[in-house]
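Have a look at the structure below, then the notes.
There are 2 protein chains.
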Amino acid sequence: MSKENRSRYAILGALSIMPLSGYGLKKFMERSTSNFWEENFPQIYPTLKQLEQEGLTTSLLIKQEGRQEKRVYSLTEQGREELDRWLRTPPALYQVRRNELLLNLFFASQVEPAITLEHVRSYRARVIESLKHLEGIEQQLPTFINESTQPRDRQYWSMVLSYGLLEAKANLAWCDEAIVTLEQLAQEENK
Amino acid sequence: MSKENRSRYAILGALSIMPLSGYGLKKFMERSTSNFWEENFPQIYPTLKQLEQEGLTTSLLIKQEGRQEKRVYSLTEQGREELDRWLRTPPALYQVRRNELLLNLFFASQVEPAITLEHVRSYRARVIESLKHLEGIEQQLPTFINESTQPRDRQYWSMVLSYGLLEAKANLAWCDEAIVTLEQLAQEENK
DNA sequence: ATTGGCATGTAAGAAGTTACATGATTAC
DNA sequence: GTAATCATGTAACTTCTTACATGCCAAT
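So the sequences go chain by chain: A and B. Heads up: the first sequence runs through residues 11 to 201, numbered per our numbering. Heads up: the second sequence runs through residues 11 to 201, numbered per our numbering.
See below:
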């Protein structure tokens with residue numbers, strides 16, 4: 011439909027690994043791509059319907075014992091082609107990602123350094139959390155592969171993971187540096 | 011008005027450094043915060059009007075020789091308080107930033123490694139560009155200060171800059187690592 | 001003449017988030 | 001009984017981007 015809608019490709023990509031229901035798609039993303047890509051239900055369900063209308067997916071109602079039936083989607087040949095076409099297209103231009111912490115810091119000379127120090131400290135805590143999360147995934151990668159049909163995915167997934175790890179480590183290093191600076195500024199204030 | 015609208019604060023922040031017109035605001039952001047925060051005209055002009063209605067800014071029509079007159083906005087006392095209140099609020103929770111390159115890589119086992127290699131190479135070129143840009147700003151920082159009224163900004167701005175530099179260097183290191191891996195995968199394909 | 005910078009906006013559409021709405025089963 | 005997980009969606013709203021629209025001045 012639209013040119014910029016990349017949710018389609020996230021969904022086509024996931025379905026290329028295994029057929030999934032809307033709910034299953036969300037769970038799949040939470041387990042795998044959540045560090046750099048997520049979709050919510052209000053995006054997933056309408057998109058799945060639309061993809062089916064366009065002939066890129068087909069769905070089957072699966073009956074389950076003691077549980078609500080679910081509609082499981084899989085890629086059609088056309089869907090695979092569309093995914094392939096997108097994979098060959100250079101990813102969108104570097105778009106400025108907004109960073110509210112940096113925006114805050116940019117104007118932070120107007121409040122006491124102790125305030126900003128707190129902001130950076132809690133950011134640091136989140137970076138640590140995210141780093142631990144990624145290291146957890148790193149150890150589970152070999153297991154993750156068994157579930158997947160394509161063993162070649164492993165190398166790609168570990169590249170993606172490495173991106174996150176390097177970035178998190180850089181962020182952590184920055185936090186430590188910034189905290190030292192802010193502690194000094196806070197001390198100077200108290201004199 | 012709304013809870014999540016942070017464009018307001020980017021604008022209030024910029025005006026706290028110096029009074030600016032809508033056009034001037036855009037230029038100011040391009041020169042300073044563009045690596046982590048940008049606003050477009052369709053956001054800037056309506057927001058400025060709204061801020062004035064709320065009493066957070068006041069404006070003056072400035073006549074210029076041989077040029078169209080401009081409306082220059084500055085913060086009111088109330089505007090300063092609103093900015094101060096925001097500066098004291100912890101920046102929004104870590105929100106997942108979508109990364110289309112990583113999404114592409116995650117599913118990239120389905121195309122030839124040479125394709126993905128090209129994507130990473132052009133990403134690398136953009137990282138290098140951005141790194142050079144940041145290093146340029148680093149050298150201009152002392153000059154930048156003279157224009158500003160608040161000399162204390164310098165330390166904060168250099169912290170913000172350092173964030174960008176560390177991140178860009180981490181991204182670059184990742185690119186080099188990924189390129190080696192992809193070159194190997196591409197060679198294996200050719201055997 | 002034509003490009004680039006200064007200057008201000010509107011309209012329309014796309015994208016994304018939050019809240020709402022429902023209901024079954026399983027584990028504690 | 002109550003929280004968590006499975007399961008599917010809609011409505012409303014906010015936010016953001018692109019395209020459109022205009023016009024002056026300075027420099028090449």
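The beta carbon of each residue, even a glycine, is placed where N, CA and C say it ideally should be.
Hey, would you say residue i sits closer than 9 Å to residue j, going by beta carbons?
i         : j         : result
GLY89(A)  : LEU66(A)  : yes
TYR55(A)  : THR68(A)  : no
PHE46(A)  : ASN109(B) : yes
ARG77(B)  : GLY32(B)  : no
SER42(B)  : LEU85(B)  : no
ILE125(A) : ALA135(A) : no
GLN120(B) : ASP94(A)  : yes
PRO62(B)  : LEU71(B)  : Per the sequence presented here, residue 62(B) reads as Glu, with Pro not at that position. Cβ atoms of GLU62(B) and LEU71(B): not closer than 9 Å.
ARG162(B) : PRO152(B) : no
GLU92(A)  : LEU22(A)  : yes
ARG107(B) : ARG107(A) : yes
Look up residue i in the DSSP assignment and give the residues it is bridged to.
i         : result
ASN147(A) : The sequence as given places Ile at residue 147(A); Asn does not occur at that position. Note: ILE147(A) sits in no beta bridge, so no partner.
SER84(B)  : THR68(B)
GLU77(A)  : Just to set this straight, residue 77(A) is Arg in the shown sequence, not Glu. Its beta-bridge partners are GLN74(A).
SER31(A)  : VAL82(A)
Taking Cβ-Cβ distances shorter than 9 Å, what residues in chain B pair up with residue i?
i         : result
ALA135(A) : Going along chain B, no residue has its Cβ under 9 Å from ALA135(A), so there is no contact; the nearest lies around 10 Å.
ASP94(A)  : GLN120 and VAL121
ILE125(A) : LEU97 and ARG98
LEU176(A) : ALA180, ASN181, ALA183, TRP184 and GLU187
TYR19(A)  : GLU110, LEU113, ASN114 and PHE117
Going along chain A, which residues have a C-beta under 7 Å from residue i?
i         : result
ASP163(B) : SER119
ALA188(B) : MET169
TYR166(B) : LEU115, PHE116, ALA118 and SER119
SER84(B)  : Near SER84(B) there are no residues of chain A at all, since even the closest Cβ is about 15 Å away, more than 7 Å.
List the residues of chain B whose Cβ lies closer than 7 Å to the Cβ of residue i, in chain order.
i         : result
TYR173(A) : LEU112 and TRP184
THR57(A)  : Those within 7 Å of THR57(A) in chain B number zero; the least Cβ separation is about 15 Å.
SER132(A) : PRO100
Could you give the C-beta distance for residue i and residue j, rounded to a whole number, given that I count them as a contact under 8 Å?
i         : j         : result
SER172(B) : TRP184(A) : 6 Å
ALA20(A)  : PRO123(A) : At roughly 41 Å, the Cβ-Cβ gap does not stay under 8 Å, so ALA20(A) and PRO123(A) are not in contact.
PHE180(B) : ALA180(A) : At residue 180(B) the sequence reads Ala, which differs from the Phe that was named. The pair is a contact, with the Cβ atoms about 4 Å apart (cut-off 8 Å).
ALA178(B) : LEU141(B) : 4 Å
VAL130(A) : LEU192(A) : 6 Å
ALA188(B) : MET169(A) : 5 Å
PRO100(A) : SER132(B) : 6 Å
LEU182(B) : ILE138(B) : 7 Å
Residues of chain A with CB under 9 Å from residue i, in chain order?
i         : result
VAL106(B) : SER44, ASN45, PHE46, TRP47 and GLU48
LEU61(B)  : In chain order: nothing, as chain A lies at least about 16 Å away.
Against residue i, what residues of chain B qualify as contacts under a CB-to-CB distance less than 8 Å, listed in chain order?
i         : result
ALA196(A) : Chain B residues near ALA196(A): none, gap ~12 Å exceeds 8 Å.
HIS143(A) : The premise fails here: HIS143(A) is roughly 11 Å from chain B at the closest Cβ pair, so nothing lies under 8 Å.
ARG41(A)  : What ARG41(A) touches in chain B: nothing, since even the nearest Cβ is about 12 Å away.
GLY23(A)  : LEU113, PHE116 and PHE117
SER26(A)  : PHE117 and GLN120
ARG16(A)  : ARG108, GLU110 and LEU113
Give the interface partners of residue i over in chain A, defined as CB-CB distance under 8 Å, in chain order.
i         : result
THR191(B) : GLN165 and MET169
Three or more C-beta pairs below 8 Å linking the region 110-119 of chain A and the region 42-55 of chain A: no
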